[in-house]
Structure formats: structure tokens, C-alpha cells
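See structure below.
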């Protein structure tokens, strides 16, 4: 069971990484427009 | 047809029509200054005909061409374009003109900052909820082993590690998710009031402090039990309620702003040199001469100077027919110019206009309403005090024997009394109903409306658009026997084809339905505002025939027949009456059944209308309504409702026009039918989308059912507290059981509320009090 002493802190760290990642994604507007960006590559410049 | 002497004023000024936007005060309304530079602005505009990715691409290209535009982002999904531009190098009119050139006319999104503020608020609440729930799940995983294991099963340092992990995971919940409760509790304490948030916050803080001490300094008088699981679960449950509440309020909040946008942004003003220039509507002064084209809205109160027209004042005065406006007549801001272009002299602007007076009237009428929310808070106060006293009592009772047990018992009281179940009891049921209603096409603006509607004993209906269709029903009452009936219908169709008047449009539709052709050769067609139309036709025998179509006075009919119809229209040639048509209002399909059901359930139904008395009485008789009142202006209706309220009645107002706005705001509660104008929707407590009046019956009965479930929930919470508090004070309730009890009672309340998601829209719901 010694491995739990490593895994539990890792799991806690992972929670913060996930929350931080989600926070970053929302703040930088990754979810602002789900339709448009996919078709942007098809447009001519 | 009134001919206006002036050519297109835009051509005369040869200016960019968007020039009005180039004033900073004007562009500030749809732009935000960039944080980095004072000259860089971010604007949001609305392009209505942007439908696809190709459109948005072209739009971005067109705006980018403009020198000084730094970035463009067009989204076809939301029909919005975001433009970042430098005020030193370009101005909005330039890129607005670019958009116009490629066929995508844009509108400034004036309310953008308000919308984005609301979205930000809602998203922040959701984000708090996500953090709380996510952390709660992790904390639960570390709490789970301690629930089921014996104290000897796990190594002490493993238990300690799990406590530390739980503490770290609880930090975001305390510091971020729970802040609304903590800050609101603090605010209410500063105002020397005891809100629902105070015990909630005390419970959160006490549990957190005790758990923290137990984690980092176990073995003190505070013991070594941690409550992180109860704490995070508690906060998550509470946040779900808050988030749903914010979401619901935002959905309808935009409506008032829409109404304020009714006035134009820019107008054409005659300058000193006699030229027409475009200025921002905010810069209109008393005495200015403005040019108003048909289809536009008057930006200010004033007098018609040149030309004559008719105006649609229905939103402001309740007058459903166009009002004739010859030279010298008064026009009001917010009314629509219907038939022809005029010049007007401004007499009143902004705050002084009737339009603003009406908007203010609505605002003040709505603040007079008793706040049911405040009332509920007051009723809850004694309970909240009792909870706090019980907690304090527990501390005193145990302190001398065992300080740890004292604090733990107090926390157990705070946790077990579960302001959660109590504070969820009402909103959970109401939100469940609100969600159900929303799916069924009924939007709720204030949750308290559910309670208000369950208590009403009188319903006051507005007529047009509520009980009747907005469309007018036409019938050919008589036609001259010597003339071919089909030819007469052709004449009616051809004459009414080019008029915008609602009656003419109803006639046109009627004639076409009866296989008429509207392609007869029409000569000398003229429309006389407030009278009718005249034209010359070639009769079937080849003779030229001058025909008039209009009201009795216009057609020279002196002995107009009495009729229940709303209005009669005549077709004459010379002295000969060719045809008589009646226009009447059509009762909505389910109106009669709905009214009789409402009466059967003991509600007093009344009808108020601005129309003539005879048709109103006639309609009332048709529907079985005993009390009907015609010729009611907005002020009369308000008076009537206030009188009913003085008699101690609880009045539900069902209306749809803006003239009902003050009445809707003053009534105990109100429902707007969906074809109403946005402002009324914003003021009414509920909005029924679609035109089905039958929904009303099941709506009222579902509201009563909701309140019944609220009462059950409150009763359950009260019983649970009555049992739990003594046990907690006596120290017989372990902390985990208190937490479990809290969760179970909340769950029961939520499950009970879920019964409300089933809404049978067909008539009065059976099987309830």
C-alpha cells in the first residue's frame, strides 16, 4: 500500500491540472464558437 | 397618396449613411475601449443575413480591406462580427459602408456589453459549480474508506494523508466556489439582518475550521473528525440551485433593452443650410426639423411640418387603428410612420417624451409590487435564529464537560438543520416547474409568480391578441345583384393590393382566398388616410367606372347598419353600393373551453378592452364572460385593477400590448401571450409563447400543484429538523450521520420536486388539492 503515498498526492495534483486546463480553455475562448472554426480551413484566403 | 415634394434626401446630402456612428458617444454604445491603447476599440455588430461560413469569410475580407482595422472575426452561428479598429485611422462608418457594398448591411449591437455582462455572470456561476462538484467527487473518494473501515483497518498515516488530500481539494471550494454565500452572509450581517446565507456560511466555516484543526493538529479539544465530504457536497447542492436561478433570470432579461432599442440610432436633420444631414438620435434638440420616412419610428415627440401620413401608435396608446397625421398634428416618439415621408419639428426629446413616461410608469408600477422573496426571508428569520440559538446552546451545554464535543455538536446542529433542505425546498420545486413550463412554451420571469398564480381568484383578460386572433376575419355581407360577384372580388383584390393598411391587407387576403385576381388595370389609384381608396376600373361592359372602397363616411353611406362586427367596409361606384364587407375578430380556438374551465374552478373572469363597447360585450357573451368593459384606456385599466385589489382580490392580468404594461406591472401577477411586444414580456411574470390560450388552465393548476409540493418539502424539512436538532444537541448524532442526513433530506426534497416535471397540458390537472 506504500504506493498510495505517491498516488494520492499525484491524484490531487491531477485534479488541479485538469481544472487549470479547463480554466485556460474557457478563458482563451476555446468554446466560444464550436461550429465556425471547423469549416474555417475550407475557406479560401 | 400624399406626394412628398422632396427627392431622396440621402442623395442630396451624398454622405455616407452611417456617418451618424462616427461620433464617439455613439460608437461607445457598441464598442469597448481596448485596455492596451486609448485609440483602439472593439466593436460588435450584427449582420442579419450572414448564414454560412462563406458569408463570414467574405465579411472578414471586406472589413479587413479597410485601413486601420486591426482584426475581424465573423461568426455565422451567432450572426455577430467582432471588429478591432484604430480610431486614429478609421471610423465605424467606413467599415459599415464596406459591409453594405458587398450586400451585408450591419447593425450596431448596442446592448452588447449588457449581454456579455450577463453571460459572464452566468458562466462564473457555472464555473463555481464545476469546481465544487469536481472537487467533491475527489473528496468523496478519500472519505469513502473511512465510512466503512474499522479504525484499525487503515494505517494512521494513510488516514492522515487522505485528510491532507481532502483539505487541499476543499481549498478551491472554500476560496472560490463558496464565496457567493460567504460574501452575501457578510453583507447581510453588515446590514444587521439574518439572511438564509448566514447559517449556511457559519456551517461551512465551522466545518472547515474544525476539519482543518483536526487535520493539522489532531488530538486537541477539537478532536480528529473531518467534514470535508459534507462540506463540499453541501456547497455543490447549493450552487446547483444558484446557477439554475441565474440562468433562468438571464433568459428573459434582454427583453427590456430590446424595447428601448425601438427608437432609431440616427436621424436625418435639416441643417442651417437647409441640407439633410445624418445625426445621432442622442443629439436631437428641441426645435430641430427631422425627415421621417415611412416604416421608420419617430425618434422624438413633435409636430408634422410638411406632408401628411398615418402613424401606428398601438404600442403606446392601445389604439389598434392607424392614426391620421395631417400637417400640424402631433406625433409621438416610439410610434411608427406608416404611409408617407414627412418633415417634423421636434418638441420633446428623451426623458420628456411620452414614450419615456410610459417606460418609467412601468418601472415604477413594478417596484410597487410586494416582494414575496423578502416576505419569505422574513418568515425564515425566526427559524434561522432558532438554529443559531440551538447551536450556541449545544456549545454551552457541553463546553464544561468536553469542548470538542461542544463544537462538534454545534457543527452537527448547523449541518443537520440543513439550511440546504430548507433553502432547496422552495426553489427546487419552482425551478422544476419553471423548466417544465419552458419546455411547454411558457417562460417565467420571476419564480415568485408560481406562488402568486396559485393564489389568484380573479383573472382580467385583455381582448385583442389574447382571446382573439390578431388577424381580422372578413366576410362579404352583401353584394349588388346586378354585378358579377367574382368581378367585384377582383376589384377588391386589385384595389387593396398596394396598400399597407391592415384592413386593406385583410381584404386582399380574403379576396385571394375566394379565387380573385388582383391583376385588373387600376387607374388613378389613391389612398386617403383615414378613409379608404379610390380608383377607376374598366367595367365588364367596357365603361370606365370610378370605384371607392372604404368606410361609410368615405363612400358616402349615410345610414350605416348596426352590426356586431368590429368594422364595416363599403365598395361603391357613384351612388350605387356594390358590396359591403364586415371585419370581425376571430376568437382563438380554445378560448371558450378554457374560460368555462376556469369559471368552473371558481375563478372570476373579467374582460377589459380598448375597443368599442358593442363588439367587446358581444365577444364576452360568446365566451360566457359575465363582466366585460369596453373603451378602456391604459389608465382606466390600471384603475380597474387597483379597485379590484382594494376589494382584497388577487388579480391575474393576461394581456399582450404595451398599453397593458403598467396594468401588468400593478396586478398581483401577470401573464403575457407571446405575440406581445418585448417590453410587456419583460414586465409580465410569465410569457406564454404561441397563441394557445388553453395552456392557461393547466398552467394555473400546475402552479397550485407546485405550491403543494413546496409545502410538502417545507413540512419534511421541518419534521427532519425537529427530529435531528435535539439529537444533535444531545451529541447523539455523529458527524457523518449528520452529513448523511443533510444529503438525504436534500435528495428527498429534490426527488419530490422532480414530480413536477410531468406537465399535462390538456386542461385542469386532476388528483390534487
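Chains as they are written, first to last, in my numbering: chain S, 36 to 80; chain Y, 6 to 774. Backbone N, C-alpha and C fix where the C-beta goes; we use that ideal spot for every residue, glycine too. A quick note: this is a predicted structure, and the numbers were derived from the prediction, not measured.
Residue i (DSSP reduced to helix, strand or coil)
i, result
"residue 496 of chain Y", "helix"
"residue 23 of chain Y", "coil"
"residue 532 of chain Y", "strand"
"residue 342 of chain Y", "strand"
"residue 49 of chain Y", "strand"
"residue 554 of chain Y", "strand"
"residue 197 of chain Y", "coil"
"residue 258 of chain Y", "For residue 258 of chain Y, the pLDDT reaches just 45, beneath the cut-off of 50, and the residue's location in the model is therefore unreliable, although a value from the coordinates is still provided. If DSSP states are grouped into helix, strand and coil, residue 258 of chain Y belongs with the helices."
"residue 55 of chain Y", "coil"
"residue 354 of chain Y", "coil"
"residue 630 of chain Y", "coil"
"residue 481 of chain Y", "strand"
"residue 274 of chain Y", "strand"
"residue 203 of chain Y", "helix"
"residue 537 of chain Y", "strand"
"residue 85 of chain Y", "strand"
"residue 233 of chain Y", "helix"
"residue 549 of chain Y", "strand"
"residue 240 of chain Y", "helix"
"residue 34 of chain Y", "coil"
"residue 464 of chain Y", "strand"
"residue 524 of chain Y", "coil"
"residue 611 of chain Y", "strand"
"residue 487 of chain Y", "coil"
Burial state of residue i (16 or more Cβ within 10 Å)
i, result
"residue 735 of chain Y", "exposed"
"residue 756 of chain Y", "exposed"
"residue 606 of chain Y", "exposed"
"residue 143 of chain Y", "buried"
"residue 290 of chain Y", "exposed"
"residue 41 of chain Y", "exposed"
"residue 85 of chain Y", "buried"
"residue 369 of chain Y", "Because the pLDDT at residue 369 of chain Y is just 43, under 50, the model does not fix this residue reliably, and the point stays unresolved."
"residue 227 of chain Y", "buried"
"residue 487 of chain Y", "exposed"
"residue 49 of chain S", "exposed"
"residue 489 of chain Y", "exposed"
"residue 585 of chain Y", "buried"
"residue 648 of chain Y", "exposed"
"residue 72 of chain Y", "exposed"
"residue 202 of chain Y", "buried"
"residue 673 of chain Y", "buried"
"residue 4 of chain Y", "Residue 4 of chain Y falls outside the range modelled here, since chain Y spans only 6 to 774, and no answer is possible."
"residue 153 of chain Y", "exposed"
Close-in-space but distant-in-sequence residues of the same chain around residue i (CB under 6 Å, 5 per side omitted)
i, result
"residue 72 of chain S", "none"
"residue 478 of chain Y", "589 and 591"
"residue 528 of chain Y", "541"
"residue 93 of chain Y", "44"
"residue 113 of chain Y", "35 and 50"
"residue 187 of chain Y", "206"
"residue 457 of chain Y", "673 and 674"
"residue 223 of chain Y", "229"
Contacts around residue i, its chain only, beta-carbon distance under 8 Å, and the 5 residues preceding and following it disregarded
i, result
"residue 307 of chain Y", "295, 335, 336, 349, 350, 351, 352 and 353"
"residue 44 of chain S", "none"
"residue 268 of chain Y", "286, 302, 304, 338, 339 and 360"
"residue 298 of chain Y", "342 and 346"
"residue 292 of chain Y", "350 and 351"
Spatial neighbours of residue i in its chain, beta-carbon cut-off 7 Å, leaving aside the 5 residues before and after
i, result
"residue 23 of chain Y", "97, 98, 101 and 102"
"residue 593 of chain Y", "472, 473, 474, 696 and 698"
"residue 234 of chain Y", "144, 145, 148 and 744"
| Hey, which unbroken runs of the alpha helix (DSSP H) at 4 residues or more fall wholly within the region 720 to 765 of chain Y? | Taken in chain order, the whole alpha helix (DSSP H) runs of length 4 or more contained in the region 720 to 765 of chain Y are 740 to 759.
| Whole beta strand (DSSP E) elements within the region 89 to 130 of chain Y, 3-residue minimum | 111 to 113
| Within the region 133 to 187 of chain Y, ranges of the alpha helix (DSSP H) (whole runs, at least 4 residues) | 161 to 177
| task | Please go through the region 36 to 80 of chain S and give each complete alpha helix (DSSP H) segment of 4 or more residues, from N-terminal end onward. | result | 38 to 62 and 71 to 75
| Start-end ranges of the alpha helix (DSSP H) lying completely within the region 278 to 336 of chain Y, minimum 4 residues | 319 to 322
| query | Which of the residues in the region 52 to 72 of chain Y, read from start to end, lie with their CB under 8 Å from any CB of chain S? | reply | 58, 59, 61 and 62
| message | At a CB distance below 9 Å, what residues from the region 59 to 70 of chain S approach chain Y? Give them in sequence order. | response | Under the 9 Å Cβ criterion, the region 59 to 70 of chain S contributes 61, 67, 68, 69 and 70.
| request: May I ask you to list, following chain order, the residues of the region 163 to 176 of chain Y that have a beta carbon less than 8 Å from some beta carbon of chain S? | output: 163, 166, 167, 170, 173 and 174
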